Amino acid sequence: MSRLRLGVNIDHVATIRNARGGPHPDPVRAARMAADAGADGITAHLREDRRHISDVDIERLGQDLTLPLNLEMAATDEMLDIALRHTPHAACLVPERREERTTEGGLEVHRAQNELRPFVSRLKDAGIRVSLFIAPDPQQLEAAVRIGAPVVELHTGPYCHAEGAARDEELERIVKAAAVAQDLGLECHAGHGLSFETAGPIAQIPNVAELNIGHFLVGEAIFGGLDSAIKRMRAIMARARADTGGARSA
Ligand code: PXP
Numbered sequence: 002m003s004r005l006r007l008g009v010n011i012d013h014v015a016t017i018r019n020a021r022g023g024p025h026p027d028p029v030r031a032a033r034m035a036a037d038a039g040a041d042g043i044t045a046h047l048r049e050d051r052r053h054i055s056d057v058d059i060e061r062l063g064q065d066l067t068l069p070l071n072l073e074m075a076a077t078d079e080m081l082d083i084a085l086r087h088t089p090h091a092a093c094l095v096p097e098r099r100e101e102r103t104t105e106g107g108l109e110v111h112r113a114q115n116e117l118r119p120f121v122s123r124l125k126d127a128g129i130r131v132s133l134f135i136a137p138d139p140q141q142l143e144a145a146v147r148i149g150a151p152v153v154e155l156h157t158g159p160y161c162h163a164e165g166a167a168r169d170e171e172l173e174r175i176v177k178a179a180a181v182a183q184d185l186g187l188e189c190h191a192g193h194g195l196s197f198e199t200a201g202p203i204a205q206i207p208n209v210a211e212l213n214i215g216h217f218l219v220g221e222a223i224f225g226g227l228d229s230a231i232k233r234m235r236a237i238m239a240r241a242r243a244d245t246g247g248a249r250s251a
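Our numbering applies: residue 2 is where the sequence shown begins, and numbers increase by one.
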């Protein structure tokens with residue numbers, strides 16, 4: 002079973018900073034704290050409207066960060082230029098609509114194969130590990146393979162937002178998709194909306210290699226600090242992984 006990595010998304014440190022237009026709180030400082038607390042990577046989404054992370058943040062993360070940076074980006078020429086200039090460790094292609102509050106759905110890879118393929122190959126040629134943020138849907142997984150993506154990140158938002166039996170059903174979709182990803186030779190990540198309550202069952206899926214978590218950790222940091230929130234999340238992930246015994250494989 003692969004070791005489960007934690008990527009800490011620092012976007013919403015920048016959201017709070019931008020509410021007042023000054024330098025505080027600094028997302029790069031949060032990234033350093035996340036590294037000390039046991040994060041394996043830092044994730045940041047440079048949105049077209051720059052509502053949280055800024056171009057300068059990306060530049061500073063590139064200079065200061067000791068951990069791998071995962072740049073979440075829309076498949077646009079502007080973002081491709083920025084990624085190729087900074088060559089982060091990884092890039093995660095996400096759909097983006099100006100009016101959405103957060104990334105609402107996964108990429109429609111099977112519909113947009115021809116548009117997405119050149120982005121995957123240009124990023125890969127630059128040595129950047131490319132992932133595609135998709136719904137846990139076999140059709141999307143197969144399309145990801147067709148366009149040469151080595152990694153997918155399964156959207157856990159619908160699972161996190163559902164309750165009771167509906168949540169169990171969403172979890173089952175993710176378990177099955179992770180198994181299909183493995184069969185197809187894709188590295189499998191998961192993220193969006195994860196919390197202390199919802200991360201454990203995802204961490205139990207043996208072939209999920211990485212979780213990317215942001216909003217909940219930054220929210221929890223208000224009450225107990227970022228260090229403590231990340232350490233607690235790591236402990237939940239480690240416990241879930243130790244408990245699995247393969248129980249969550251499809
Ligand atoms: N993964 C992807 C692809 C995302 O777009 C986001 C949100 O930026 C996350 C993970 C993290 O989601 P959350 O902030 O809800 O933990």
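Glycine is no exception: its CB is placed at the ideal position from the N, C-alpha and C atoms. Given the structure is predicted, the values throughout are model-derived calculations rather than measurements.
query, result
"The ligand PXP heavy atom lying under 7 Å from the CB of residue 154", "yes"
"Check: residue 19 C-beta below 7 Å from any heavy atom of the ligand PXP", "no"
"Between the CA atoms of residue 226 and residue 238 - distance to the nearest angstrom", "19 Å"
"Where residue 247 falls: helix, strand or coil (DSSP)", "Low per-residue confidence applies at residue 247: pLDDT is 48, beneath 50, and the placement is therefore not dependable, though the value from the model is reported in the following sentence. In this structure, residue 247 counts as coil in the three-state DSSP scheme."
"Between the CA atoms of residue 136 and residue 156 - distance to the nearest angstrom", "5 Å"
"Proximity to residue 159 [Cα-Cα], best of 131, 191, 141", "191"
"Separation of residue 106 from residue 162, as counted between CA atoms", "13 Å"
"Residues of its chain near residue 139, where Cβ-Cβ distance is below 6 Å and the 5 sequence neighbours each way are ignored", "181"
"Residue 59 and residue 15 closer than 8 Å at C-beta", "no"
"Residue 235 (DSSP reduced to helix, strand or coil)", "helix"
"When 153, 165, 86 are compared against residue 126, the one with the closest alpha-carbon", "86"
"Among 50, 56, 165, 172, the one whose alpha carbon lies nearest that of residue 98", "50"
"Sequence-distant residues of the same chain with beta carbon closer than 6 Å to residue 242, five excluded per side", "5, 204"
"Contact belief for residue 215 with residue 44 at Cβ below 8 Å, rounded distance in angstroms", "7 Å"
"The ligand PXP heavy atom lying under 7 Å from the CB of residue 189", "no"
"Residue 217 to residue 113 span [Cα, whole Å]", "31 Å"
"heavy atom of the ligand PXP below 7 Å from residue 65 C-beta", "no"
"Pairwise C-alpha distance: residue 89 and residue 78", "16 Å"
"7 Å Cβ shell around residue 124 - same chain, five flanking residues per side excluded", "84, 92, 131"
"Residues bridged to residue 46 [DSSP beta-bridge criterion]", "73"
"Rounded separation between residue 109 and residue 146 - CA only", "13 Å"
"Exposed unless 16 or more other CB atoms sit within 10 angstroms - verdict on residue 247", "Because residue 247 carries a pLDDT of 48, less than 50, the predicted location of this residue cannot be relied on, and the following value inherits that uncertainty. Result: exposed."
"Residue 149 versus residue 13: straight-line alpha-carbon distance, rounded", "31 Å"
"According to DSSP, residues forming a beta bridge with residue 189", "153, 209"
"Proximity to residue 245 [Cα-Cα], best of 232, 209, 234", "209"
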